[in-house]
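>
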Amino acid sequence: MRPFDVLLYAAVVFAWSSSWYPLSLQMGVVAAEVSLVWRFAAAATVMFAISHWRGVALRHARSEHLRFAALGVFLFSTNFALYYNASLFAASGLLAVILSTSSLINVMMVAVLNRSRPQPLQLVASVTGLAGLGLIFAPEWQMSATVGVALMFGGAGTLSFCIGNMLSAASQKRGVHVLASTSWGMVYGTCFLAFVALLRGHDFIIDPSMTYLGSLAWLIVISSVLAFASYLSLIGRIGPGRAAYATVVFPVFALLISAIYEGYEWSMLAVAGLVLVMLGNMIMIRARD
Numbered sequence: 585m586r587p588f589d590v591l592l593y594a595a596v597v598f599a600w601s602s603s604w605y606p607l608s609l610q611m612g613v614v615a616a617e618v619s620l621v622w623r624f625a626a627a628a629t630v631m632f633a634i635s636h637w638r639g640v641a642l643r644h645a646r647s648e649h650l651r652f653a654a655l656g657v658f659l660f661s662t663n664f665a666l667y668y669n670a671s672l673f674a675a676s677g678l679l680a681v682i683l684s685t686s687s688l689i690n691v692m693m694v695a696v697l698n699r700s701r702p703q704p705l706q707l708v709a710s711v712t713g714l715a716g717l718g719l720i721f722a723p724e725w726q727m728s729a730t731v732g733v734a735l736m737f738g739g740a741g742t743l744s745f746c747i748g749n750m751l752s753a754a755s756q757k758r759g760v761h762v763l764a765s766t767s768w769g770m771v772y773g774t775c776f777l778a779f780v781a782l783l784r785g786h787d788f789i790i791d792p793s794m795t796y797l798g799s800l801a802w803l804i805v806i807s808s809v810l811a812f813a814s815y816l817s818l819i820g821r822i823g824p825g826r827a828a829y830a831t832v833v834f835p836v837f838a839l840l841i842s843a844i845y846e847g848y849e850w851s852m853l854a855v856a857g858l859v860l861v862m863l864g865n866m867i868m869i870r871a872r873d
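Per the working numbering, the very first residue in the sequence shown carries number 585; after that it's consecutive.
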């Protein structure tokens, strides 16, 4: 692996690990969709500035803009709205574990779209990862039945994330620069979120507290700009399967942060489950390679 790819991996792991707790701090006074409007409106502005500075072509055909719009709906709005709502029902670190199963879903989706049978090793990886997810959430289910709601929101958010991954990879294969697709995707995602917020009758307000503003700033700069630019670049350079190796590591750090700031309590089942999820990811990615 090239040194720059290693640097991109490190950036993705850091950004994803540290995103989940700030995400949970956004829930409260401001509706999730409205918070996401502020987040991606600011992130899109930064991305366009970076694209312009680097001389990236931002003019594209109408057909490409339709694909950018789809990218925005799946990768820069729907999945986040689902995860924001999931944070109301489970510790933020647990949501990171749900997202980490994206490597399993990514590979299986490719098999379905290509109308090819999954390899036996891929099936083993899926069963291993899902079994691990079940072990992690088993203690939480005993304490609160609402954790099932978090699983449903998180599962749907992960599926949306995976569809967005495939759309991004397809754009890069057509020669569209990752900064251009990300910038336009964020714009369309912001518009979609604003439309949903209007439909739901939400007020477009900002919580002036330092907790809200600080977490919003972190989510804009680190979790949106740094994370997506790095991750989508990885997808374009080495493919979605190998890029998903980042999902093996970041849930560990996310759960550690959750334990420190949210009082998440580790159990033997949770540790065993996390090991199985990580193992499932590694088996799946190796099977694809």
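Idealized CB from N, CA, C, for every residue including glycine. From a predicted model like this one, the values you see are computed outputs, not experimental measurements.
What are the boundary residues of the alpha helix (DSSP H) that includes Met-736?
The sequence position of residue 736 within the sequence shown is 152, counting from 1. 731-757 is the extent of the alpha helix (DSSP H) around Met-736.
> Identify which residue in Leu-666, Ala-764, Arg-784 and Ser-793 has its Cα closest to the Cα of Glu-648.
Residue numbering aside, residue 648 sits at position 64 when the sequence shown is read from its first letter. Out of Leu-666, Ala-764, Arg-784 and Ser-793, Ala-764 has the C-alpha closest to the C-alpha of Glu-648.
> Closest by CA to Leu-707, which one among Ala-615, Asn-690, Ala-625 and Val-621?
Taking the first residue of the sequence shown as 1, we reach residue 707 at position 123. Of Ala-615, Asn-690, Ala-625 and Val-621, the residue nearest in Cα terms is Asn-690.
> May I ask you to report which of helix, strand or coil DSSP gives Thr-685?
The count along the sequence shown starts at 1 and reaches residue 685 at position 101. In the structure shown, Thr-685 sits in coil (DSSP, three-state: anything other than H, G, I, E or B).
> On a CA-only basis, which of Thr-831, Leu-650, His-644 and Ser-676 is nearest Cys-746? Give me that one, please.
For the purposes of this step, residue 746 is taken as the residue at position 162 of the sequence shown. When only C-alpha atoms are compared, the closest one is Thr-831.
> Return the CA-CA distance between Val-731 and Ala-653, expressed in angstroms with no decimal places.
Indexing the sequence shown from 1 puts residue 731 at position 147. Indexing the sequence shown from 1 puts residue 653 at position 69. Their backbone Cα atoms lie some 32 Å apart in a straight line.
> Would you mind working out which of Ser-671, Leu-659, His-636 and Ile-634 sits nearest Leu-607, comparing C-alpha positions?
Here residue 607 refers to the residue found at position 23 of the sequence shown. Looking from the CA of Leu-607, the closest CA among Ser-671, Leu-659, His-636 and Ile-634 belongs to Ser-671.
> Report back the beta-carbon spacing between Ser-817 and Val-771 to the nearest angstrom; my notes put them in contact at under 8 Å.
In the sequence shown, counting from the first residue as 1, residue 817 sits at position 233. In the sequence shown, counting from the first residue as 1, residue 771 sits at position 187. With a Cβ gap of about 19 Å, Ser-817 and Val-771 do not count as contacting.
> CA-CA distance, Ser-635 and Leu-642?
Locating residue 635 in the sequence shown gives position 51, counting from the first residue. Locating residue 642 in the sequence shown gives position 58, counting from the first residue. Cα to Cα, the separation comes out at about 8 Å.
> Taking Cβ to Cβ, would you say Phe-658 is nearer than 7 Å to Thr-774?
By one-based count along the sequence shown, residue 658 stands at place 74. By one-based count along the sequence shown, residue 774 stands at place 190. Result no, Cβ atoms of Phe-658 and Thr-774 do not sit closer than 7 Å.
> Hey, quick one: how far does the alpha helix (DSSP H) through Ala-843 stretch, first residue to last?
Residue 843 sits at position 259 when you count from the first residue of the sequence shown. Judged by DSSP secondary structure, Ala-843 falls within the alpha helix (DSSP H) whose first and last residues are 830-846.
> Near Val-780, which residues of its chain fall below 7 Å by C-beta distance, leaving aside the five closest residues on each side in sequence?
Taking the first residue of the sequence shown as 1, we reach residue 780 at position 196. Closer than 7 Å at Cβ, skipping near neighbours: Glu-617.
> Near Tyr-593, what residues of its chain come up, given a Cβ to Cβ distance below 6 Å and the 5 sequence neighbours on each side ignored?
Taking the first residue of the sequence shown as position 1, residue 593 is located at position 9. For Tyr-593, where only same-chain residues beyond five positions count, the Cβ hits under 6 Å are Ala-830.
> In angstroms with no decimal places, state the Cα-to-Cα distance between Glu-849 and Arg-638.
Position 265 of the sequence shown, counting from 1, holds the residue named residue 849. Position 54 of the sequence shown, counting from 1, holds the residue named residue 638. Straight-line Cα distance between these residues: approximately 45 Å.
> In whole angstroms, what is the alpha-carbon distance linking Val-859 and Asn-865?
Residue 859 sits at position 275 when you count from the first residue of the sequence shown. Residue 865 sits at position 281 when you count from the first residue of the sequence shown. Straight-line Cα distance between these residues: approximately 10 Å.
> Excluding sequence positions up to five away, which residues of its chain have a Cβ less than 6 Å from the Cβ of Phe-632?
Working through the sequence shown from its first residue, we reach residue 632 at position 48. Result list for Phe-632: Ser-767, in chain order.
> Shortest alpha-carbon distance to Met-794 belongs to which of Arg-586, Leu-609, Ser-603 and Leu-591?
Position 210 of the sequence shown, counted from the first residue, corresponds to residue 794. Cα-wise, what sits closest to Met-794 is Leu-609.
> Rounded to a whole number of angstroms, what is the C-alpha to C-alpha distance between Ala-856 and Arg-651?
Sequence index remark: in the sequence shown, residue 856 carries index 272 (1-based). Sequence index remark: in the sequence shown, residue 651 carries index 67 (1-based). Whole-angstrom Cα-Cα distance: 40 Å.
> Of all the options Ala-645, Ala-695, Leu-735 and Arg-586, which has the alpha carbon lying nearest to the alpha carbon of Ser-755?
Counted from its first residue, the sequence shown places residue 755 at position 171. For the residues Ala-645, Ala-695, Leu-735 and Arg-586, the minimum Cα distance to Ser-755 belongs to Ala-645.
> What does the alpha-carbon distance come out to for the pair Ala-722 and Ala-729?
For the purposes of this step, residue 722 is taken as the residue at position 138 of the sequence shown. For the purposes of this step, residue 729 is taken as the residue at position 145 of the sequence shown. One C-alpha to the other measures close to 10 Å.
> Quick test of your reading: Leu-810 and Ala-628, contact by CB under 8 Å. State the CB separation rounded to the nearest angstrom.
For the purposes of this step, residue 810 is identified with residue 226 of the sequence shown, where counting begins at 1. For the purposes of this step, residue 628 is identified with residue 44 of the sequence shown, where counting begins at 1. About 14 Å separates the two Cβ atoms, so there is no contact after all.
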